[in-house]
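Here the sequence shown is numbered in the working numbering, starting from 280 and rising by one per residue. Beneath this line is the structure, given in structure tokens, with notes to follow.
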Amino acid sequence: PYVNTKDILEKANKEYYAVAAFNINNLEFLQAIVEGGIEKKSPLIIETSEGAMKYAGMGDPLRGASLFVKMVREFADSLDIPIALHLDHGKNFKYIISAIKAGYSSVMIDASDKPLEENIKTTKDIVRIAHAAGVSVEAELGKLAGIEDNVASAESVLVNPDEAKYFVEETQVDFLAPAIGTSHGAFKFKGEAKLDFDRLKKVKELTKMPLVLHGASSVVQEMVEIAENYGADFGGSKGVPSDILKETVRLGINKVNTDTDLRMAFVAGLREFLQNNPKEFDPRKYMETAKTYVKKVVSDRLELLGSANKA
Ligand SMILES: O=C(COP(=O)(O)O)N(O)CCCCOP(=O)(O)O
Ligand code: NA
Ligand SMILES: [Zn+2]
Numbered sequence: 280p281y282v283n284t285k286d287i288l289e290k291a292n293k294e295y296y297a298v299a300a301f302n303i304n305n306l307e308f309l310q311a312i313v314e315g316g317i318e319k320k321s322p323l324i325i326e327t328s329e330g331a332m333k334y335a336g337m338g339d340p341l342r343g344a345s346l347f348v349k350m351v352r353e354f355a356d357s358l359d360i361p362i363a364l365h366l367d368h369g370k371n372f373k374y375i376i377s378a379i380k381a382g383y384s385s386v387m388i389d390a391s392d393k394p395l396e397e398n399i400k401t402t403k404d405i406v407r408i409a410h411a412a413g414v415s416v417e418a419e420l421g422k423l424a425g426i427e428d429n430v431a432s433a434e435s436v437l438v439n440p441d442e443a444k445y446f447v448e449e450t451q452v453d454f455l456a457p458a459i460g461t462s463h464g465a466f467k468f469k470g471e472a473k474l475d476f477d478r479l480k481k482v483k484e485l486t487k488m489p490l491v492l493h494g495a496s497s498v499v500q501e502m503v504e505i506a507e508n509y510g511a512d513f514g515g516s517k518g519v520p521s522d523i524l525k526e527t528v529r530l531g532i533n534k535v536n537t538d539t540d541l542r543m544a545f546v547a548g549l550r551e552f553l554q555n556n557p558k559e560f561d562p563r564k565y566m567e568t569a570k571t572y573v574k575k576v577v578s579d580r581l582e583l584l585g586s587a588n589k590a
């Protein structure tokens with residue numbers, strides 16, 4: 280069934296597991312993610328960035344939002360696993376309202392690059408509107424390093440746990456993304472991977488609410504090798520190691536945003552197939568390996584996060 284993200288995350292919060300939030304931009308990634316969810320009998324959070332809405336809607340974000348709602352609902356309404364659709368990194372009021380109007384389960388208002396009081400004010404505005412429409416809300420505190428959407432923040436600003444408690448009380452958001460040292464993309468750490476577990480622990484103790492980890496892709500070595508075998512150059516790529524990811528779940532992370540791992544799996548499969556099948560030009564054939572690899576990464580992640588058999 281198509282559900283509210285909050286329902287999925289409240290259960291995960293109570294039972295201390297995490298649910299992956301997988302980003303999509305097209306049909307094929309959605310198909311592969313849903314197949315993984317069915318196989319693992321796991322709840323799924325499908326999420327789209329503002330860029331995805333623009334891409335699918337050919338420049339019109341409301342059309343994009345409506346297309347994603349229709350696609351996701353078509354799958355959700357016909358399956359036993361709970362599926363939610365979330366707007367990831369909503370920054371633009373027009374896009375956030377379009378997602379709410381189109382029927383998204385939840386929206387993120389990302390005002391984390393603003394001073395605290397402005398982040399609070401903006402978030403409160405969105406919470407009032409979204410809650411009136413039965414839509415749950417995610418917000419972010421602190422800043423991820425690396426290129427975040429169109430905000431290149433060189434240094435990550437880690438969450439202040441006391442500020443987090445004040446923020447959630449003031450804004451009444453449903454789930455919070457505390458920055459604890461991750462960043463978006465495939466190049467998360469120059470040296471050893473390290474996250475601030477202590478801050479995470481404190482935020483959980485102070486807020487007791489479902490928490491979100493952004494920049495949570497692991498950069499799956501198996502996929503990097505396949506892709507590089509067929510011409511990719513992913514030198515220097517490094518993600519969040521599985522043991523560190525598991526520790527964040529143990530400490531209270533309940534939603535794990537995953538985009539890069541699926542992108543790398545898909546392109547590895549695409550490169551492999553195209554190189555080995557020079558005569559093929561049927562998209563239902565030449566994207567098959569790509570989808571299979573995405574499904575594999577999805578299934579493994581659902582298992583790792585503990586949401587398998589929780590549908
Ligand atoms: O936190 C994450 C995922 O992090 P990851 O890169 O570790 O998978 N996300 O929020 C996904 C970010 C998606 C960015 O999308 P656009 O390129 O369309 O702007
Ligand atoms: Na999000
Ligand atoms: Zn993110």
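Ideal placement from N, C-alpha and C gives every residue a C-beta, glycine not left out.
Own chain residues within Cβ distance below 8 Å of residue i, not counting five before or after
| i | result |
| --- | --- |
| residue 309 | 303, 325, 350, 351 and 354 |
| residue 283 | 363, 384, 385, 413, 414 and 415 |
| residue 301 | 308, 312, 323, 324, 325, 326, 537, 538, 541 and 577 |
One or two residues paired with residue i in a DSSP bridge
| i | result |
| --- | --- |
| residue 455 | 418 and 490 |
| residue 369 | 388 |
| residue 462 | 424 |
| residue 299 | 535 |
| residue 517 | 466 |
Beta-carbon proximity check, residue i vs residue j, cutoff 8 Å
| i | j | result |
| --- | --- | --- |
| residue 540 | residue 498 | yes |
| residue 544 | residue 575 | yes |
| residue 402 | residue 327 | no |
| residue 321 | residue 586 | yes |
| residue 318 | residue 578 | yes |
| residue 412 | residue 287 | no |
| residue 423 | residue 438 | no |
| residue 457 | residue 482 | yes |
| residue 290 | residue 340 | no |
| residue 598 | residue 368 | Here the chain has residues from 280 to 590 only, and residue 598 is not among them. |
| residue 455 | residue 418 | yes |
| residue 550 | residue 506 | yes |
Same chain, Cβ closer than 7 Å to residue i, neighbours up to 5 away in sequence not counted
| i | result |
| --- | --- |
| residue 523 | 472 and 474 |
| residue 393 | 401 |
| residue 447 | 455, 486 and 488 |
Nearest-angstrom Cβ-Cβ length linking residue i and residue j, presumed shorter than 8 Å
| i | j | result |
| --- | --- | --- |
| residue 298 | residue 533 | 7 Å |
| residue 537 | residue 580 | 6 Å |
| residue 375 | residue 405 | 6 Å |
| residue 511 | residue 485 | Not really, about 43 Å apart at Cβ, beyond 8 Å. |
| residue 564 | residue 518 | The Cβ separation is near 30 Å, so there is no contact. |
| residue 370 | residue 389 | 5 Å |
Own chain, CB closer than 6 Å to residue i, minus 5 neighbours either side, in chain order
| i | result |
| --- | --- |
| residue 427 | Annotation note: pLDDT 47 at residue 427 (below 50); position unreliable, coordinate value reported separately. Cβ within range, chain order: 463. |
| residue 381 | 344, 345 and 348 |
| residue 430 | Because the pLDDT at residue 430 is just 49, under 50, the model does not fix this residue reliably, and the value given afterwards should be weighed accordingly. Here the set comprises 392. |
Residue-chain proximity (residue i, chain B), Cβ-Cβ < 8 Å
| i | result |
| --- | --- |
| residue 489 | You won't find chain B in this structure, because it holds only one protein chain. |
* Segment contact flag, the stretch 448 to 466 with the stretch 486 to 498, C-beta cutoff 8 Å, min 3 pairs -> yes
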